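The block underneath contains the structure these notes are about, expressed in structure tokens.
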Amino acid sequence: MVEQKYEPSTHIFQGQKYSQSGTVLYSTQATQQWIALAKDLEITPILFPEHPQKGRTQEAEYIMGIHRDIASKQVSCIAPIGLAWDAAIQHMPNVSFHTADGNHGAPSGLLLSSLIFSEIITGERVDTGPTSIIPNTILRIEQQGALSQIASQVLVEQPACD
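Residue numbering for the sequence shown follows full-length UniProt numbering, starting at 1 and increasing by one per position.
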């Protein structure tokens, strides 16, 4: 049998079921199995704990805890998306990070999540100062720069791939 060599790659895993009320604990076994399969193929798994819903200040830490538990059983990276959202919402209170439904990401939230993944995958800091990351958008250059600084700072405080 000829051994296949794979190019180094990453895969982002989102979809771990969790209780929004925090009253039910769901199994993480399937997520652990997916991580193991990815690592067998020499893929770096990155877990994607979702951003919190609007106004749910404890949700990011709760979801991050679930993913930390998974990573303690099956080593993987964890993107601190919710923690970055919490930091950005605190530092930029006049910017909307959610769409009107309070659940989905507005352009600023989507950019912030993308910056987190970009820095994790490339290993290059994204905090390059005021810069136009996405031209012709409702986000001003200063806002885009601030989001990149928040993303990098959160990753300093909460490294994704320990």
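Heads up, the beta-carbon is just placed ideally off N, CA and C, and yes, glycines get one too. This structure is a prediction, so every number in the text was calculated from the model and none was measured.
Item: Would you mind listing the alpha helix (DSSP H) stretches within the region 27-102 that are 4+ residues and don't spill past its ends, in chain order?; Value: 29-40, 59-73 and 81-91
Item: Apply the 10 Å Cβ neighbour rule to Gly102 and answer buried if 16 or more other Cβ atoms are within range, or exposed otherwise.; Value: exposed
Item: Exposed or buried, what is Val95 when buried is set at 16 or more other beta-carbons lying within 10 Å of its beta-carbon?; Value: buried
Item: Does the beta carbon of Asp101 fall short of 7 Å from some heavy atom of the ligand ATP?; Value: In terms of ligand content, the structure shown is empty, and the ligand ATP therefore cannot be addressed.
Item: The alpha helix (DSSP H) that contains Thr137, what's its start and end?; Value: First-last for Thr137: undefined, no H or E at that position.
Item: Out of Ile121, Asn136 and Gln143, point me to the one whose CA is closest to Thr128's CA.; Value: Gln143
Item: Can you give me the C-alpha to C-alpha distance between Ile138 and Gly109, rounded to a whole angstrom?; Value: 12 Å
Item: Mind checking which residues open and close the alpha helix (DSSP H) that includes Ile133?; Value: Per DSSP, Ile133 belongs to no alpha helix (DSSP H) and is neither H nor E.
Item: In or out: Val24 buried (at least 16 other Cβ within 10 Å) or exposed?; Value: exposed
Item: List the endpoints of the continuous alpha helix (DSSP H) containing Ser108.; Value: Pro107 to Thr122
Item: Once the 5 residues before and after Ser113 are set aside, which same chain residues still bring their CB inside 6 Å of it?; Value: Ile81
Item: Please classify Thr57 as buried or exposed, where buried requires at least 16 neighbouring CB atoms within 10 angstroms.; Value: exposed
Item: State the Cα-Cα distance for the pair Leu47 and Pro159, rounded to the nearest angstrom.; Value: 13 Å
Item: Which of the three DSSP states is assigned to Ser148 in this structure?; Value: helix
Item: Report the CB separation of His11 from Ala38 in whole angstroms; it is logged as a contact under 8 Å.; Value: 5 Å
Item: Which one or two residues does DSSP pair with Thr10 in a beta bridge?; Value: Thr44
Item: Let me know if Gln16 comes out buried or exposed under the rule of 16 or more other beta-carbons within 10 Å of its beta-carbon.; Value: buried
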